[in-house]
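J.: The opening position of the sequence shown corresponds to residue 64 in the working numbering, with each subsequent residue numbered one higher.
Glycine included, C-beta positions come from ideal geometry on N, C-alpha and C.
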Amino acid sequence: MVQPLKNRKSPRASWWDYSTPGAYFVTICTKDRVHLFGEIQDRKMQYSHSGIIANIIWYEIKNHFPTVELDEFVVMPNHIHGIININPPLDLDSGSNSDSIVQTGRDDSNIVVGTGRHIVGTGRHIVGTGHALSQPNDAPPNDAEKKSTSLSTIIGSYKSAVTKHCNRLGLPSGWQSRFHDVIIKSENDYERIKNYIINNPDNWKNDDFYNHN
64 MVQPLKNRKS PRASWWDYST PGAYFVTICT KDRVHLFGEI QDRKMQYSHS
114 GIIANIIWYE IKNHFPTVEL DEFVVMPNHI HGIININPPL DLDSGSNSDS
164 IVQTGRDDSN IVVGTGRHIV GTGRHIVGTG HALSQPNDAP PNDAEKKSTS
214 LSTIIGSYKS AVTKHCNRLG LPSGWQSRFH DVIIKSENDY ERIKNYIINN
264 PDNWKNDDFY NHN
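1. Can you tell me whether Asp-271 is helix, strand or coil according to DSSP?
2. Where does the unbroken beta strand (DSSP E) through Leu-232 begin, and where does it stop?
3. Pop quiz: Trp-121 and Gly-85 are said to be a contact at Cβ under 8 angstroms. What is the actual Cβ separation, rounded to whole angstroms?
4. Per the contact definition of three or more C-beta pairs closer than 8 angstroms, is the segment 224-237 in contact with the segment 117-136?
5. Just curious, the alpha helix (DSSP H) that Ile-147 is in, first and last residue?
6. Go through its chain and collect everything with a Cβ distance to Asn-200's Cβ below 7 angstroms, but skip five positions before and after it.
7. Within 8 angstroms, do at least three Cβ pairs link the segment 89-96 to the segment 246-254?
8. Closer than 8 angstroms by C-beta to Arg-106: which residues in its own chain qualify, once you throw out the five before and the five after it? Chain order, please.
9. Taking the beta carbon of Lys-270 as the centre, do at least 16 other beta carbons fall within 10 Å, making it buried, or is it exposed?
10. Apart from the five residues on each side of it in sequence, which residues of its chain come closer than 7 angstroms, Cβ to Cβ, to His-277?
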């Protein structure tokens, strides 16, 4: 059995720049953990109409944030899990072309996020020390580029887009104000988290967010 991920929730780290290239494991719950997105039946997720929208919109993220690479993802009855990789901008001098998924969407809540990961020289991103690792050959991005790729901007746009489309179709929606995190400190942790996400429907009754609604 996959072991539950403990200590998922952590306060925002004042020393961390959340637009820093890295990998982030995020969990977003529905308001009051209501089963808006469907139910688990025979250890498989059966999506509601709202759940279908939450699933589709997630894969739109990369089309609006060019530096984002998405990894494992799952929609559960009352939450979603996903891994977001934020990569360095391809051309720091050209400015950012990223748009929010919903132009007017904002997430002004107190956000809780994970740290990034960055292994220098490997093309993958790990931070195990709790500090950003600089690269001498990389110029620092400007404020506009940082804003366009910040984790809170990405998640805020995703949440706003799901809510907008659900409201337009008269479907139930609603997110809790914060989102949860796990700090990824190693490649082993990264693979463990991916495995946790993949097996989440199978282990639903042992999940921290499980309830009978």
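T.: In short, the structure shows the following:
1. Residue state, collapsed to three classes: coil.
2. Segment: none, Leu-232 is in no beta strand (DSSP E) and carries neither H nor E.
3. Actually they are not in contact, since the Cβ atoms of Trp-121 and Gly-85 sit about 19 angstroms apart, beyond 8 angstroms.
4. yes
5. No alpha helix (DSSP H) holds Ile-147; the beta strand (DSSP E) holding it covers 142-149.
6. Its pLDDT being 37, under 50, Asn-200 is placed unreliably in this model, and the value from its coordinates should be taken loosely. Excluding residues within five positions, none has a Cβ falling inside 7 angstroms.
7. no
8. Pro-264, Asp-265 and Trp-267
9. It should be noted that the sequence gives Asp, not Lys, for residue 270. Buried is the call here.
10. The question about residue 277 has no answer here: the residues shown for the chain are numbered 64 through 276.
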